[in-house]
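Asks: Dropping the structure in here first, questions after.
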Amino acid sequence: MNSFSLRDFSHYARLSELSRRVLNAAEQVAVALNHPRIGMGHVLLALLVERRSPMCALLHECGLNEDRLRHDLLRGDAVLLIGMDGVLVGALGYAEHFGRHGIGTDHLLLAMTANEHGEGLLREYDADPDWVRARLEAYLRRQ
């Protein structure tokens, strides 16, 4: 795996167990598809199928088009391969902002909605990033 490695992320230890599972699943998808790096598309798919995470239900509820996402990942669509570096740093910031030590799947998805490429990716696959962001912020305030 070229470029970014999860284990090189300086705050890897702060990832929740569920976030690690999601990112490891994303890495497995990237490797299986012979993609050069873990991209936002891989992480979005992993969030969508990780049923232990509330983000799975939220992504299904917002209408994210899983079939198109899978199809485009198989094709190696370049927009899906954009790296996660900025999103992971953003997720750390959101965890701290909401008073959490650990970086949860909710923080990962929230950081994706705040990232230019992540926001575009959500729109591309029929999810409204503003709706997702509002739901996540309300969810995190209740925690």
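Counting in my numbering, the final residue of the sequence shown is number 593, and the numbers go up one at a time with none missing.
Yeah, the Cβ is synthetic: ideal placement off N, Cα and C, and Gly gets one too.
#1: Kindly indicate which residue of Arg487, Leu509 and Ala545 has the alpha-carbon position closest to the one of Gly526.
#2: So, for Ser466: in the same chain, excluding its five sequence neighbours on each side, which residues have a beta-carbon less than 8 angstroms away from its beta-carbon?
#3: Should Val539 and Leu571 be called a contact, given that it needs their Cβ atoms to be closer than 8 angstroms?
#4: Could you tell me which whole beta strand (DSSP E) segments of length 3 or greater appear in the stretch 515-569?
#5: Mind checking whether Cys512 and Ala577 have CB atoms under 8 angstroms apart?
#6: In chain order, what residues of the same chain have a beta carbon less than 7 angstroms from the beta carbon of Tyr544, not counting five sequence neighbours either side?
#7: So, using beta-carbon positions, are Leu519 and Leu495 closer together than 8 angstroms?
#8: Is the CB-CB distance between Leu531 and His485 below 8 angstroms?
#9: State the Cα-Cα distance for the pair Leu468 and Trp581, rounded to the nearest angstrom.
#10: Our contact map puts Thr563 next to Arg583 with C-beta atoms below 8 angstroms; I'd like the distance itself, whole angstroms only.
#11: To which residues does DSSP link Gly489 through a beta bridge?
#12: Rounded to the nearest angstrom, how far is the Cβ of Leu523 from that of His492, given a contact under 8 angstroms?
Replies: In short, the structure shows the following:
#1: The candidate whose alpha carbon is nearest that of Gly526 is Arg487.
#2: Excluding positions up to five away in sequence, the list reads Gly552, Ile553, Gly554 and Thr555.
#3: No, they are not a contact pair.
#4: List check, beta strand (DSSP E) in window: nothing returned.
#5: Yes. Within cutoff.
#6: The answer, listed in chain order, is His557, Leu560 and Ala561.
#7: Yes, these two residues count as a Cβ contact at 8 angstroms.
#8: Between Leu531 and His485, the CB-CB gap stays under 8 angstroms.
#9: Taken atom to atom, the span from the alpha-carbon of Leu468 to that of Trp581 is near 23 angstroms.
#10: Taking a contact as a CB-CB distance under 8 angstroms, the pair Thr563 and Arg583 counts as one, their CB atoms being some 4 angstroms apart.
#11: Secondary-structure assignment with DSSP links Gly489 through a beta bridge to Gly533.
#12: So it is a contact: roughly 7 angstroms between Cβ atoms.
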